[in-house]
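Written out below as structure tokens is the structure these notes cover.
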Amino acid sequence: MKVLVIDDNQLVSKDISFCLVVRYPDVSVVAVDTGAEGLKMIESEWPDVVIASSSLPDMAILDLVSRIRDFSDVPLIILSSEMDTDMDRARGLETGADEYITTPFSPMELLARVKALLRRTQRLGFKQGHVAAFGGELSINFDTHEVSLAGKRVKLTPIEYQLLVELVRNEGRVLTHRVILEKVWGAEYGNENSSIKKYIYRLRSKLECDAGKPQMLLNERGIGYRFVGSSV
Numbered sequence: 011m012k013v014l015v016i017d018d019n020q021l022v023s024k025d026i027s028f029c030l031v032v033r034y035p036d037v038s039v040v041a042v043d044t045g046a047e048g049l050k051m052i053e054s055e056w057p058d059v060v061i062a063s064s065s066l067p068d069m070a071i072l073d074l075v076s077r078i079r080d081f082s083d084v085p086l087i088i089l090s091s092e093m094d095t096d097m098d099r100a101r102g103l104e105t106g107a108d109e110y111i112t113t114p115f116s117p118m119e120l121l122a123r124v125k126a127l128l129r130r131t132q133r134l135g136f137k138q139g140h141v142a143a144f145g146g147e148l149s150i151n152f153d154t155h156e157v158s159l160a161g162k163r164v165k166l167t168p169i170e171y172q173l174l175v176e177l178v179r180n181e182g183r184v185l186t187h188r189v190i191l192e193k194v195w196g197a198e199y200g201n202e203n204s205s206i207k208k209y210i211y212r213l214r215s216k217l218e219c220d221a222g223k224p225q226m227l228l229n230e231r232g233i234g235y236r237f238v239g240s241s242v
């Protein structure tokens, strides 16, 4: 496993490296001081996890997250300072961060967050030729864009497929209406929540045993949707 740490505080980087090496003896930890260096490393080294400080000397964290998400789905954890507000963290998650950890952090918390994030993302299409299965029924081939249910091919439109993949990539997490619209339709559709509702209904009709009592595509009233499924 390869982990990239983007933080100009060398003490923090060393602490993270020590924690990870103790838990994962074969881990390779690379540390850089700036966001610009981090972007180059992600493009050239393809790390399995990126851990970045919310306060970098050369760019705002939202800019960094946005630029990473322009070309990579790498699991991304942000180290949040005590100065960061709940709104700051919410914006980071909406922009594409996967997790936030408030500093100073305990080694146990860091390792737990990394483990949970890896468990969530390692099987969701980050590697070529990968097929993910959920609950013994639903499977997705991320290369061919084929979706199967109980071994039978399910025909999805491009929008339906993209919506499903965004939810699956964030299994267990609630995606807000705004995030879903921006990821699937584009930023210009930021207020058209009715589009999501329509396509969620279509997906449930094709993938759920009972669309009226969904087990995978769940609604969080007034917030958004989340996907629930267990890998086999």
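So our numbering is basically just the index in the sequence shown, starting at one, shifted up by 10.
We put the CB at the ideal spot given by N, CA and C, even for glycine.
Everything numeric in this text was worked out from a predicted model, so none of it was measured.
Checklist line | Spatial distance of S91 from S82 (CA atoms) | finding: Taking the first residue of the sequence shown as 1, we reach residue 91 at position 81. Taking the first residue of the sequence shown as 1, we reach residue 82 at position 72. Using only the alpha carbons, I get a separation of about 25 Å.
Notebook entry, point to check: Among residues of its own chain, excluding the 5 on either side of K193, which ones have a beta-carbon nearer than 7 Å to its beta-carbon?
Noted result: The residue given as residue 193 occupies position 183 in the sequence shown. Taken in chain order, the residues that qualify are E176.
Next item on the list: Assuming L121 and C219 form a contact by the criterion Cβ under 8 Å, report the distance between their Cβ atoms to the nearest whole angstrom.
Entry: As a first step, residue 121 must be located in the sequence shown, where it is residue number 111. As a first step, residue 219 must be located in the sequence shown, where it is residue number 209. Actually they do not touch by this definition, with Cβ atoms about 37 Å apart.
Note to self: Between S76, P57, V42, M93, which has its C-alpha nearest G102's C-alpha?
What the structure shows: What you label residue 102 is simply residue 92 of the sequence shown in a count that begins at 1. Ranking S76, P57, V42, M93 by Cα distance to G102 puts S76 first.
Item checked: Pairwise C-alpha distance: P57 and K50 -> Counting from one through the sequence shown, the residue named residue 50 turns up at place 40. Counting from one through the sequence shown, the residue named residue 57 turns up at place 47. Their backbone Cα atoms lie some 11 Å apart in a straight line.
Check: What are the boundary residues of the beta strand (DSSP E) that N229 is part of?
Finding: Along the sequence shown, read from residue 1 onward, the residue named residue 229 stands at position 219. Here the beta strand (DSSP E) through N229 covers 227–230.
Check: What number of angstroms, rounded off, separates the C-alpha of T95 from the C-alpha of I111?
Finding: One-based indexing of the sequence shown puts residue 95 at position 85. One-based indexing of the sequence shown puts residue 111 at position 101. About 13 Å.
Next item on the list: Within the stretch 27–87, note down every full beta strand (DSSP E) run reaching 3 residues or more, in order along the chain.
Entry: 38–42, 59–63
Next item on the list: Return the CA-CA distance between I190 and R163, expressed in angstroms with no decimal places.
Entry: One-based indexing of the sequence shown puts residue 190 at position 180. One-based indexing of the sequence shown puts residue 163 at position 153. For I190 and R163, the distance between alpha carbons rounds to 25 Å.
Next item on the list: Report yes if the CB atom of L173 is closer than 8 Å to the CB atom of L213, and no otherwise.
Entry: Within the sequence shown, residue 173 is the residue found at index 163, counting from 1. Within the sequence shown, residue 213 is the residue found at index 203, counting from 1. Taking 8 Å as the Cβ cut-off, L173 and L213 qualify as a contacting pair.
Notebook entry, point to check: When we look at the beta-carbon of P85 and count the other beta-carbons within 10 Å, is it buried (16 or more) or exposed?
Noted result: Working through the sequence shown from its first residue, we reach residue 85 at position 75. The residue in question, P85, is buried, as its Cβ has 16 or more Cβ neighbours within 10 Å.
Notebook entry, point to check: Any C-beta of chain B sitting closer than 8 Å to the C-beta of G222?
Noted result: The displayed structure is made up of one protein chain only, and chain B is not part of it.
Check: To the nearest whole angstrom, what separates the beta carbons of I16 and V42, a pair I think is in contact under 8 Å?
Finding: By 1-based counting over the sequence shown, the position of residue 16 is 6. By 1-based counting over the sequence shown, the position of residue 42 is 32. Right, the Cβ-Cβ distance comes to about 6 Å (below 8 Å), so this counts as a contact.
Margin query: Tell me the residue span of the beta strand (DSSP E) that contains T105.
Written below: If you number the sequence shown from 1, residue 105 lands on position 95. No beta strand (DSSP E) contains T105, which is instead part of the alpha helix (DSSP H) from 96–105.
Checklist line | Of the listed residues N19, M118, L66, I52, nearest to R33 (C-alpha basis) | finding: The sequence position of residue 33 within the sequence shown is 23, counting from 1. Residue M118 is the option with its Cα nearest to R33.
Margin query: Classify G161: buried if its beta carbon has 16 or more other beta carbons within 10 angstroms, exposed otherwise.
Written below: Against the sequence shown, residue 161 aligns to sequence position 151. Its Cβ having fewer than 16 others within 10 Å, G161 is exposed.
Notebook entry, point to check: If we count the other Cβ atoms within 10 Å of its Cβ and call it buried at 16 or more, is E170 buried or exposed?
Noted result: To locate residue 170, count along the sequence shown from 1; it is residue 160. Buried, because 16 or more other Cβ atoms sit within 10 Å of the Cβ of E170.
Next item on the list: Kindly provide the ranges of any beta strand (DSSP E) runs that are 3 or more residues long and lie completely inside the stretch 179–223, ordered along the chain.
Entry: none
Margin query: Assuming contact is defined by CB atoms lying nearer than 8 Å, are V184 and G234 in contact in what I supplied?
Written below: Numbered from 1 along the sequence shown, position 174 holds the residue referred to as residue 184. Numbered from 1 along the sequence shown, position 224 holds the residue referred to as residue 234. At the C-beta level, V184 and G234 come within 8 Å of one another.
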